[in-house]
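Trainee: Chains A and B are the protein sequences, given in the same order. Per the working numbering, the first sequence starts with residue 12, numbered consecutively. Per the working numbering, the second sequence starts with residue 12, numbered consecutively.
Protein chains: 2
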Amino acid sequence: MHMFSTIDDAVATCIALSAEERLLFHSLLKHRRVRKRTWLLQEGEICNFEAFIVKGCIRVFYCDEDGAETNLSFAIEGSWVSDLQSFSAQTPSLMFIETLEDSELLLLDYRAKTELLDRIPRFERFFRLLLQQSLITLQTRWHASVAHTAEQRYTSFLDRYPTLAPRLTQTQIARFIGVSPEFLSKMRRGMYRRMN
Amino acid sequence: MHMFSTIDDAVATCIALSAEERLLFHSLLKHRRVRKRTWLLQEGEICNFEAFIVKGCIRVFYCDEDGAETNLSFAIEGSWVSDLQSFSAQTPSLMFIETLEDSELLLLDYRAKTELLDRIPRFERFFRLLLQQSLITLQTRWHASVAHTAEQRYTSFLDRYPTLAPRLTQTQIARFIGVSPEFLSKMRRGMYRRMN
DNA sequence: CGCGACGTTGATTTGCCTCAACGATTGTGG
DNA sequence: CCACAATCGTTGAGGCAAATCAACGTCGCG
């Protein structure tokens with residue numbers, strides 16, 4: 012079980028690679044271990060990576076002028092994390108990316124991604140399918156955030172991400188579903204009471 | 012100025028096509044004119060198109076059990092519209108797509124898209140970049156919907172879409188920015204008063 | 001002409017936030 | 001290993017943004 016097995020599986024579900032192609036792909040990735048609570052990206056910086064998570068847990072969030080944070084997404088082993096806007100246009104980022112656990116990453120920087128797409132154009136398809144899935148997920152999430160109540164958003168979050176939820180604090184979940192931590196606490200109390 | 016010029020321009024900003032490739036591309040598209048207030052897709056149907064809008068205005072929306080509608084997106088000439096989830100997985104849709112004006116479309120159905128990607132793999136890149144842009148837009152929109160007030164969302168909608176906004180009714184805009192039509196009206200009055 | 005969407009306005013309600021305070025747990029440096 | 005700080009979850013009081021409900025005028029369209 013070496014560090015590329017997870018990412019190779021992920022790629023293999025979309026496109027087939029020869030042995031040499033796989034080696035080239037691996038050579039373009041940088042392996043990195045980071046401690047929990049490390050900033051991978053801060054507002055104002057240019058995001059120079061798309062990171063595949065081999066192990067760990069990461070959050071992406073915005074921070075408004077008065078310091079309030081809203082979580083855009085969580086990512087765990089098997090998924091990718093980046094600020095697409097900043098990465099693709101090489102412009103300053105509006106968000107932060109932070110590890111929530113000790114993590115192990117495979118990083119693809121801008122030059123490496125360009126070279127990868129150039130040398131193995133089939134990766135265009137891989138990234139297209141990845142983006143398509145992300146877009147579908149975000150559409151669903153947007154709809155939930157405007158059409159559902161806070162309690163519906165919370166219970167469907169627990170339903171949809173049963174393995175992720177236990178790894179997060181209540182505060183992080185609250186910032187993701189769009190309520191204050193205090194209100195989430197009150198909701199939980201209410202839901203518990205109702206079950207007895 | 013024939014019906015393919017807009018779509019050819021859109022494609023040309025991402026990938027270069029030979030004359031034969033362009034002809035093949037055109038042959039896979041179906042041209043269709045539809046009257047205003049036509050349903051292109053209803054909840055429960057399988058979406059079998061990605062539509063490029065040559066002329067017109069279209070909205071995509073969800074409809075909950077009690078009949079309340081929330082607009083996911085608007086699309087006008089030069090952009091694409093589809094239910095990606097339903098189209099890509101060929102599963103029943105959760106949304107509706109409706110023309111708001113008489114429109115002229117170029118439709119790519121599932122088989123045609125598959126064939127297009129098969130015969131001209133460079134289109135993988137085109138669709139990847141299209142998806143990337145949509146994802147970035149939706150991320151920004153999601154952030155606005157949770158972090159900004161209704162008035163901020165309204166004014167930035169007017170700012171961002173100066174050509175689109177005048178073509179929509181207040182009710183449609185309200186359903187897009189996530190407020191009730193009544194409240195939008197009150198906001199507008201308040202904003203007007205403040206200017207005097 | 002008359003019907004149905006649309007925009008407006010007011011009265012009332014409510015979902016969720018803010019602020020403040022407090023234990024419990026976790027982490028950290030001496 | 002202990003003391004202290006920091007973070008986290010909880011609870012209560014009070015407030016506000018926005019929803020809901022109801023009523024009414026206007027306009028475009030069949």
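For every residue, glycine included, the Cβ atom is placed at its ideal position computed from N, Cα and C.
1. Is the CB of A:Leu179 under 8 Å away from at least one CB in chain B?
2. Provide the residue span of the beta strand (DSSP E) that contains A:Phe107, from first to last.
3. At 4 residues or longer, and completely inside the segment 15-73 of chain B: list those alpha helix (DSSP H) runs for me, N to C.
4. Is DSSP giving B:Ser191 helix, strand or coil here?
5. Take the Cβ of A:Ala185 as the centre, count every other Cβ of all protein chains shown within 10 Å, and call the residue buried at 16 or more, exposed below.
6. Is the shortest distance between the beta-carbon of B:Pro132 and the beta-carbons of chain A less than 8 Å?
7. Among the candidates B:His42, B:Ala161 and B:Asp170, whose CA atom is the shortest distance from the CA of B:Lys197?
8. If you run the structure through DSSP and keep just helix, strand and coil, what is B:Ile147?
9. Going by Cα to Cα distance, which pick from B:Trp50, B:Glu126 and B:Ile57 is closest to B:Leu35?
10. Given B:Cys58, which residues of its chain have a CB within under 7 Å of its CB, disregarding the five upstream and five downstream residues?
11. DSSP puts B:Pro238 in a beta bridge; with which residues?
12. Would you verify that the beta carbon of A:Tyr172 is, or is not, closer than 8 Å to some beta carbon of chain B?
13. Could you tell me which of B:Tyr73, B:Thr17 and B:Pro177 sits nearest to B:Trp91, measuring between CA atoms?
14. Taking Cβ to Cβ, would you say B:Arg70 is nearer than 8 Å to B:Gln183?
15. Hey, could you find the ends of the alpha helix (DSSP H) A:Thr125 is sitting in?
16. Using a cut-off of 8 Å between C-beta atoms, extract the partners of A:Ala158 located in chain B.
17. Looking at the secondary structure, which residues open and close the alpha helix (DSSP H) in which A:Glu162 lies?
18. Along the chain, where does the beta strand (DSSP E) containing A:Leu175 start, and where does it finish?
19. Sort out for me which residues DSSP pairs A:Leu142 with in a bridge.
20. Using the Cα positions of A:Ala21 and A:Ala123, report the straight-line distance between them to the nearest angstrom.
21. Return no unless some Cβ of chain B is closer than 8 Å to the Cβ of A:Ile87.
22. Taking C-beta pairs closer than 8 Å, name the residues in chain A that B:Gly189 reaches, listed in chain order.
23. Quick one: list the residues of chain B neighbouring A:Arg152, beta-carbon separation under 8 Å, in chain order.
24. Does B:Leu52 get closer than 8 Å to chain A when you measure Cβ to Cβ?
25. Please name the residue, chosen from B:Glu76, B:Met14 and B:Ile26, that lies closest to A:Glu135 on a Cα-to-Cα basis.
26. Anything in the segment 28-49 of chain A with a Cβ closer than 7 Å to a Cβ of chain B? List those residues in chain order, please.
27. Hey, does A:Ile147 have any beta-carbon neighbour from chain B nearer than 8 Å?
28. I need the straight-line Cα distance from B:Lys41 to B:Phe15, nearest angstrom please.
29. With C-beta atoms as the reference, is B:Leu149 less than 8 Å away from A:Leu118?
Mentor: Straight from the coordinates:
1. no
2. Phe107 to Thr110
3. 16-23 and 30-39
4. coil
5. buried
6. yes
7. B:Ala161
8. helix
9. B:Glu126
10. Leu52, Ser93, Asp94, Ser97, Phe98 and Ser104
11. An answer regarding residue 238 of chain B cannot be provided, because it is not within the stretch 12 to 207 covered by chain B.
12. no
13. B:Thr17
14. yes
15. Tyr121 to Arg130
16. Tyr73, Asp75, Ala79 and Thr81
17. Ala161 to Arg171
18. Element bounds for A:Leu175: n/a, residue is neither H nor E.
19. The partner list for A:Leu142 (beta bridge, DSSP) is empty, contrary to what the question assumes.
20. 18 Å
21. no
22. Val157
23. Trp153
24. no
25. B:Ile26
26. none
27. yes
28. 11 Å
29. no
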